[in-house]
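Enquirer: If you read the sequence shown in the working numbering, its first letter stands for residue 167, the second for the next number, and so on. No residue lacks a Cβ here, since even glycine has one placed at the ideal position from N, Cα and C. Please find one structure pasted underneath; my questions will follow.
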Amino acid sequence: MGMGTAIRVVTEPTVPPWPTKEIQVTCSGCEAILGLTIYLLITELDPLLRTKYEYLGMGMPGMTEQYCPICGTAAG
Numbered sequence: 167m168g169m170g171t172a173i174r175v176v177t178e179p180t181v182p183p184w185p186t187k188e189i190q191v192t193c194s195g196c197e198a199i200l201g202l203t204i205y206l207l208i209t210e211l212d213p214l215l216r217t218k219y220e221y222l223g224m225g226m227p228g229m230t231e232q233y234c235p236i237c238g239t240a241a242g
């Protein structure tokens, strides 16, 4: 870049919703196998996507507690 040249951000990068993954756990109350959708940890993200989230100051969304639909015990 030559003298007098400046770079500035015109538009913020677009970022998709926080990625999720499906895991299976066994309910401690009734032993049913449950499929849970959870957010990926920041360390599991693609490096480019992680950089975008960090630049924008976006942290992982909060996860709500999930309950077994059969017996009502907290899952996970």
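Can you tell me which of E210, I204 and T209 puts its alpha carbon nearest to the alpha carbon of Q296?
Expert: Given that the chain is displayed from residue 167 to residue 242, the structure contains no residue 296 and the question cannot be resolved.
Enquirer: State the CB to CB distance for the pair L206 and I189, rounded to an integer number of angstroms; the pair is presumed to be in contact (CB under 8 Å).
Expert: On the sequence shown, residue 206 is found 40 positions in, with the first residue counted as 1. On the sequence shown, residue 189 is found 23 positions in, with the first residue counted as 1. Not really, about 11 Å apart at Cβ, beyond 8 Å.
Enquirer: With a CB to CB cut of under 6 Å and the five nearest residues on each side skipped, what residues in its chain are close to C196?
Expert: Translated into the one-based positions of the sequence shown, residue 196 becomes position 30. So the qualifying residues of the chain are I236 and C237.
Enquirer: Here's the rule I'm using: 16 or more other beta-carbon atoms within 10 Å means buried, otherwise exposed. How should A172 be labelled?
Expert: Residue mapping note: residue 172 aligns to position 6 of the sequence shown, counting from 1. A172 comes out exposed.
Enquirer: Could you tell me whether the Cβ atoms of V176 and K218 are closer together than 8 Å?
Expert: Along the sequence shown, read from residue 1 onward, the residue named residue 176 stands at position 10. Along the sequence shown, read from residue 1 onward, the residue named residue 218 stands at position 52. Their beta carbons are not under 8 Å apart, which means V176 does not touch K218 by this criterion.
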